[in-house]
Amino acid sequence: MGEVMLQADNVMKTFVSNKKEITALDQVSLTIQQEEFISLLGPSGCGKSTFLRLVAGLDTKTGGSLKLNGVEINGAGRDRGVVFQQYSLLPWMHAWENVAFALKKTPGLSASQKKEMAYHFLELVGLKGFEKHYPAQMSGGMQQRVAIARALVYRPKLLLMDEPFGALDAQTRRDMQDLLMKVWTEEKCSVLFVTHDVDEAIYLSDRVYVMSAHPGRITKEITIGMHRPRDWNDMLSEQFLYYKREIVSELVKQKSLQREAAQA
Amino acid sequence: MKKYTLISVASILVVLAAWSIVTYGGIIDPLFLPTPGDTIHALVEEIEEGIFFQDVAVSFYRILMGFVISTIFAIPIGIKMATSRIWLAVWEPFVGLVRYMPAVAFIPLSILWFGTSDLQKFFILFLGVFFQEVIMIADNCKTVNKSLIEVGYTLGFSKREVTRNIVFRAALPGIVDTLRTTWGWAWTYLVVAELVAASSGLGFRIMQGQRYLATDRIVLGILVIGFLGLLTDLLFSWLYRKMFPWKLMEKAKE
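Chains as they are written, first to last, in numbering that gives the first Met the number 0: chain A, 0 to 263; chain B, 0 to 253.
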C-alpha cells in the first residue's frame, strides 16, 4: 500500500441537545492509505455518518486531529468527492448536466470538454443512453449512479460514500456494489464507505472499522485479506464467513455491553 | 380530462342560467343587476366610445409596473433573507410589521404624497405586493433541500455560488408560484386604488358606473377584471409548465 491519505487521531465530536452534551464521536482514530477501500461499519447512531461529514468538511470536529495528505481539514473541498444516501441530484438538470455541474469550478475546460467528460463518466457507471434524462425519470439506483459519476468526474483523491445504497432494494444494491468495485478499480482513488450492512462492508473493503454507539467509538479493525476481483460466490467462502463471524460477534458483544450499561 | 372540461363548462353554464333567470324573469330589478344581454351591450358601447381598451391598457400598465417594481426588490431581498442571518435580522421585523398594515389604509396618505398620479398606484401596489412577496420568497428559499446545498459545498462552491446556482434554482418553481398568487392580490389593490382616486382605468370606470347608476357597466368592469385575472393565471401556469418540465415529472411519479 502507498502513503497515508487520511489520518484521524482522537477525533472528538460533541454537540448540545436539550441542554445536555452528547458525545457523537469519542476519540476516533483511523487511517486510510492511498487507493485503499475502507468501510466504517456500525449500528445507526454510532456516529459513522458524523465522521464522514467531518472528513467532507460539512461539520467541524470538537477535538483531535483530522488530516488529509498531512493538512488539517478545514471546510469542504474538491480533493474529496461525496455521495450522499439519496436526493442529492439537482432535479432541474439532465443527468449529464448534473455530472458536468461538478466541473464548473475546473479551470481550463471548454463547455464541450465538460460535456464529453460527463458523457464518459455516465458510460462508466452504465448509464449510456440516459444522459438526457431528468432525475425524476430515473430509478433510485440510476440516480445513485449519476451521483457516483458526479463525485468521480473531477477526480478527487478521496471518495466519501454515506450509505449510498441504503435506500435501494436488495438486487439493485448488489448490482451497485459490483459497479462500484469496477469503477473503483478503474479510477483508483481512496474510498471511505459508511454502511450498516456487514456483507457489504466485507465484500467491498480492504479494511473494515467496526463502530459502537453512545458514544461513537471504533471498537475493532479487520483487514479483509480476500483476493480481488470478488464476486457473489466469494460471499459463501470460508474466509468471508470468518470475517462475518468476527464482525457480527463484535457487534453482538457491543450491544450486550450497552444493555448492561443502560441497566446499571 | 374530457370529463373535467365538461363539468367546468357545465358549472359556468349553471351560473349563467341562474343569472338569466333572475334578471330576464324580472325577479331582480335591472337597477340592481343587469341582464347578461345588457352587460354585453355595455361592452359594445364602451368599445365604441373608445374607452374600453384604453381602460384595460391603463390598468394593466399600472399593475404591471407596480408588480415588476415590487418583484425586482422582493426576489433578491427574499433570497438574502433566507441565506443570511444578518439580512434576516435587518428585514424581518420591518417586513413583519408592514405586512400586517393594510395597504389600502395607506391610500389617503399616498394621495397626499403623490396625488392621483400613476406613482400613487405604484406605491399602493408596492405596499401590498412587496411585503407579502418578500416573506413568501424567503420561505420558498428556506425550504430548499439541505442536502442539495451541501452538494454545492462539496463541489467547492462558495456560499455565493451555492446561493445562485442551487438555492435560487431549486426555489424558482416556488417563487413562480408565489408571483402567481401575489399577482392575483395585486389586482385587488389596483382596483381599490383606482376606485378612490383615478381618472382612468377599470376601477375608475366601475366608480363612474355607480355615479350614473349604470349597473351594467359596473358588472362589466367586475367581469373584465375577472377575465383578465384568469388569463394571466393561465399564462403563469403555462410558463410554469414550460420552465419546469422536471417538476411535472416529479408530481407524476408520486
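We treat Cβ as the ideally placed atom computed from N, Cα and C, and that holds for glycine.
C-beta neighbour in chain B for residue i, strict 8 Å
i: residue 91(A); result: yes
i: residue 76(A); result: yes
i: residue 112(A); result: no
i: residue 83(A); result: yes
i: residue 142(A); result: no
i: residue 87(A); result: yes
i: residue 148(A); result: no
i: residue 104(A); result: yes
i: residue 316(A); result: Any question about residue 316(A) goes unanswered here, given that chain A covers just 0 to 263.
i: residue 94(A); result: no
i: residue 268(A); result: In this structure chain A extends from 0 to 263, so residue 268(A) is not present and cannot be described.
i: residue 136(A); result: yes
i: residue 99(A); result: no
i: residue 154(A); result: no
Sequence-distant residues of its chain with Cβ nearer than 6 Å to residue i (five each side left out)
i: residue 205(B); result: 217 and 220
i: residue 148(A); result: 98, 120, 121 and 124
i: residue 164(A); result: 172 and 175
i: residue 10(B); result: none
i: residue 106(A); result: none
i: residue 66(A); result: 6
i: residue 242(B); result: none
i: residue 131(A); result: 93
Where residue i falls: helix, strand or coil (DSSP)
i: residue 25(B); result: coil
i: residue 327(B); result: Missing from the structure shown is residue 327(B); chain B here goes from 0 to 253 and no further.
i: residue 97(A); result: helix
i: residue 19(B); result: helix
i: residue 188(B); result: helix
i: residue 81(B); result: helix
i: residue 16(A); result: strand
i: residue 89(A); result: coil
i: residue 253(B); result: coil
i: residue 142(B); result: coil
i: residue 27(A); result: strand
i: residue 152(A); result: coil
i: residue 70(A); result: strand
i: residue 267(B); result: In the structure as shown, chain B starts at 0 and stops at 253, and residue 267(B) therefore has no counterpart that could be examined.
i: residue 180(B); result: helix
i: residue 124(A); result: coil
i: residue 102(A); result: coil
Per DSSP, the bridge partner or partners of residue i
i: residue 131(A); result: According to DSSP, which records beta bridges pairwise, residue 131(A) is partnered with nothing at all.
i: residue 191(A); result: 37(A) and 159(A)
i: residue 210(A); result: 217(A)
i: residue 32(A); result: 3(A)
i: residue 8(A); result: 64(A)
i: residue 21(A); result: 14(A)
i: residue 251(A); result: Answer by DSSP bridge pairing: none, since residue 251(A) is not bridged.
i: residue 81(A); result: 159(A)
i: residue 97(B); result: Answer by DSSP bridge pairing: none, since residue 97(B) is not bridged.
i: residue 193(B); result: DSSP lists no partner for residue 193(B).
i: residue 115(B); result: According to DSSP, which records beta bridges pairwise, residue 115(B) is partnered with nothing at all.
i: residue 222(A); result: 206(A)
Neighbour flag for residue i against chain A, beta carbons, 8 Å
i: residue 98(B); result: no
i: residue 136(B); result: no
i: residue 58(B); result: no
i: residue 186(B); result: no
i: residue 241(B); result: no
i: residue 262(B); result: No information on residue 262(B) is available, as it lies outside the stretch 0 to 253 that chain B covers here.
i: residue 152(B); result: yes
i: residue 252(B); result: yes
Cut-off 8 Å between Cβ atoms - residues of its own chain near residue i, not counting five sequence neighbours on either side
i: residue 179(B); result: 232, 235, 236 and 239
i: residue 255(A); result: none
i: residue 162(A); result: 48, 84, 193, 194 and 195
i: residue 246(A); result: 40, 197, 200, 201, 207, 209, 219 and 221
Neighbourhood of residue i by C-beta distance below 7 Å, restricted to the same chain and skipping five residues each side
i: residue 69(B); result: 124, 125, 128, 129 and 132
i: residue 185(B); result: 62, 65, 66, 124, 127 and 128
i: residue 135(A); result: 90
i: residue 247(B); result: 240
Closer than 7 Å: residue i CB and nearest the ligand ZN heavy atom
i: residue 90(B); result: Annotation note on the ligand ZN: not contained in the displayed structure, which lists no ligands.
Say whether the region 65-78 of chain A touches the region 154-161 of chain A, bearing in mind that this needs 3 or more beta-carbon pairs closer than 8 Å, one atom from each stretch.
-> These segments touch.
Contact between the region 100-112 of chain B and the region 121-139 of chain B: three or more CB pairs below 8 Å?
-> yes
Per the contact definition of three or more C-beta pairs closer than 8 Å, is the region 44-57 of chain A in contact with the region 22-29 of chain A?
-> yes
Is the region 179-193 of chain B in contact with the region 10-26 of chain B, if contact means three or more CB pairs nearer than 8 Å?
-> Judged by pairs of C-beta atoms under 8 Å, the region 179-193 of chain B does not touch the region 10-26 of chain B, as fewer than three such pairs exist.
Take every Cβ of the region 215-225 of chain A, pair it with every Cβ of the region 37-52 of chain A, and state whether three or more of those distances are shorter than 8 Å.
-> yes
If you pair each beta-carbon of the region 163-172 of chain B with each one of the region 64-83 of chain B, do three or more pairs fall below 8 Å?
-> At 8 Å Cβ cutoff, the stretches touch.
For the region 182-190 of chain A against the region 29-40 of chain A, are there 3 or more C-beta pairs whose distance is under 8 Å?
-> yes
Contact the region 5-20 of chain A vs the region 54-74 of chain A: 3+ CB pairs below 8 Å = yes
Answer yes if the region 38-46 of chain B comes into contact with the region 141-155 of chain B, meaning at least three C-beta pairs across the two stretches below 8 Å, and no otherwise.
-> Segments in contact, no.
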